[in-house]
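J.:
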Amino acid sequence: MASFCSFLVFEPRQIDLVKFLCSQAGWNSRFITDPSRRFKFNTTGYSQITNPNALSDLGILREDETLGQLLILEAAESEADNIISLISSANVIVEGFPDTENRSLSGFELPSDTSEQADIFKHVFQTRGFFERFTYQPEMPVAVAMAAKAWSDNQLIYAIHKLSHSYDTESITPWSTHPRHGQIFSKHSEQFSDHVRTSIAINLAYSAIEELGLEIRSSQQNPRWLDNDTFEWNPKVLADIEARLEKAEIDPQRKVDWIVRGGETEPAIHPKRNTLARHSDGRLIRDIEFSLPDAISACSYLRNFMTAHAFGDKAPLLGPYEVYNVQSVVRLLILSKCGVWNIWSDDLSKQLVEPSS
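So the sequence shown is numbered by our numbering: it starts at -3 and just counts up by one.
1) Please go through the same chain and pick out, in chain order, the residues whose beta-carbon is closer than 6 Å to the beta-carbon of Arg34, but skip the five residues on each side of it.
2) CB-CB under 6 Å to Asp95, same chain, minus the five flanking residues each way: which ones, in chain order?
3) If you draw a straight line from the alpha carbon of Ala143 to that of Val325, how long is it in whole angstroms?
4) Based on Cα-Cα distance, which residue from Val233, Ala201, Ile205, Leu200 lies nearest to Gln356?
5) Do you know how far the Cα of Asp164 is from the Cα of Leu63?
6) What number of angstroms, rounded off, separates the C-alpha of Ala291 from the C-alpha of Asn300?
7) Determine the contact status of Val14 and Phe6, defining contact as a CB-CB distance below 7 Å.
8) Per DSSP, Asp253 is paired with what?
9) Which term fits Arg220, buried or exposed, when burial requires 16 or more other beta carbons within 10 angstroms of its beta carbon?
10) Under 8 Å Cβ to Cβ from Leu101, same chain only, skipping five residues before and after it: list those, please.
11) Reducing DSSP to helix, strand and coil, say where Asn218 ends up.
12) Would you check if there are 3 or more beta carbon pairs closer than 8 Å linking the stretch 50 to 70 to the stretch 152 to 166?
13) Rounded to a whole number of angstroms, what is the C-alpha to C-alpha distance between Val319 and Ser162?
14) Ordered along the chain, which non-local residues of its own chain (more than five positions away) have a Cβ less than 7 Å from that of Pro170?
15) Please report the straight-line C-alpha distance between Asn38 and Pro8, rounded to a whole angstrom.
16) In whole angstroms, give me the CA-to-CA distance for Asn321 and Glu245.
17) At a cut of 8 Å, does the stretch 222 to 233 reach the stretch 278 to 285 through at least three beta carbon pairs?
18) So, at 6 Å on beta carbons, what are the nonlocal neighbours of Pro31 in its own chain, with the 5 sequence-adjacent residues on each side left out?
19) Tell me, please, whether the stretch 188 to 199 touches the stretch 207 to 214 by the rule of three or more beta-carbon pairs shorter than 8 Å.
20) Given that a residue counts as buried once 16 or more other Cβ atoms are within 10 Å of its Cβ, and exposed if not, what is Ser(-1)?
21) Classify His191 as buried or exposed, calling it buried when 16 or more other Cβ atoms lie within 10 Å of its own Cβ.
22) Locate the alpha helix (DSSP H) running through Glu318, then write down its first and last residues.
23) Measuring only the C-alpha atoms, how far is Ser19 from Trp147?
24) With DSSP collapsed to three states, give me the class of Glu238.
25) Should the stretch 261 to 275 be regarded as contacting the stretch 310 to 319, the criterion being three or more beta carbon pairs within less than 8 Å?
26) On the criterion of 16 or more Cβ atoms from any shown chain inside 10 Å, does Thr29 qualify as buried, or is it exposed?
27) Would you verify that the beta carbon of Asp30 is, or is not, closer than 7 Å to some beta carbon of chain E?
28) For Gln179, which three-state DSSP category applies?
29) Write down every uninterrupted run of the alpha helix (DSSP H) in the stretch 98 to 186 whose length is 4 residues or greater and which is fully enclosed by it, in chain order.
30) Using the Cα positions of Ala239 and Leu288, report the straight-line distance between them to the nearest angstrom.
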């Protein structure tokens, strides 16, 4: 069986957790000391080298320092690449923003001869082009947990990749939507290409909802609303989506903040609700508190009536906040489906590793 460098680096104390998660998914994995030497860890955190030319200045590690551990996968090439790209895509969702330009999407086959390996470690992995591919994120074990959970579920795999690609297409940082920032971004663009990019990001994210089987299922014979003016739910339609959410182990009563900022220049969103989020001031910050079924319905409204077909006069009014809202709803669904909503790497260690140690 061939061995593939994943370019995914982990903190030494995370190794037992990641090994456990890999074994749960049936992946044959092992770890070696990171040959790139890009990351150093100590009791207070870590440091990172951005230029491989600086490796010559690294010197001897201090007593409290250690290098990272590199995940090696022993598998067929296609399987290794699928595992690596799935973990990397899951990590984008964990972070809520694609902040790693050189994230790993495929592996590098390692020769079995140790002298050949040493030559690659020195003259390939410690040079520009490959050095930057080595990635460390503190919460990467959560992404491994997501990938392991999804490994036997193709629809969940596709949902993870679709949302990750949506973030790649267009996204804003989660912290930029904090109420203290008010409105940071322009709500619309005059560029036609921006309208297309926005619609692609929304369509990809919404398609992930469909992969999860958590779209609202209604029809002309079984309409979504009893009253199209008040947006009163048809009890049968509401009960159906609530049942599917519960089956996916997602709380249908969870509340979702739908971000609405600045002047009222955005297209109206259905369903219309008058329940403002706690932090809203009704002027600059007009965020709405949706129920989860309402939020999913709002996503489908954007997709069905503004982005999925020929553009009308409202599509150019969409912008970064609408993209963020749809992505955030889907992120909640995927993380919850994977059992890692509001779960951190240390939480996973306490749940999965420490009880058996």
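By construction, the Cβ of each residue, glycine as well, lies at the ideal position given by its N, Cα and C atoms.
T.: So, from the data block:
1) Ile45, Phe130
2) none
3) Cα to Cα, Ala143 sits roughly 19 Å from Val325.
4) The structure shown has nothing for residue 356, since the chain only spans -3 to 353.
5) Those two C-alpha atoms are separated by around 30 Å.
6) 14 Å
7) With a cutoff of 7 Å on beta-carbon distance, Val14 and Phe6 are scored as near each other.
8) Glu285
9) Classification for Arg220: buried.
10) Asp77, Ile80, Ser81, Ser84
11) coil
12) no
13) In a straight line, the C-alpha of Val319 is about 9 Å away from that of Ser162.
14) Counting only Cβ-Cβ distances below 7 Å, and skipping sequence neighbours, we find Gly92, Phe93.
15) Counting only the Cα atoms, Pro8 lies some 10 Å from Asn38.
16) 22 Å
17) no
18) Phe117, Phe121
19) no
20) Buried is the call here.
21) buried
22) Glu318 -> alpha helix (DSSP H) spans 316 to 333.
23) 12 Å
24) helix
25) yes
26) exposed
27) This model lacks chain E altogether; it includes just one protein chain.
28) coil
29) 110 to 119, 136 to 146, 150 to 165
30) Cα atoms of Ala239 and Leu288: separation of roughly 12 Å, rounded to the nearest angstrom.
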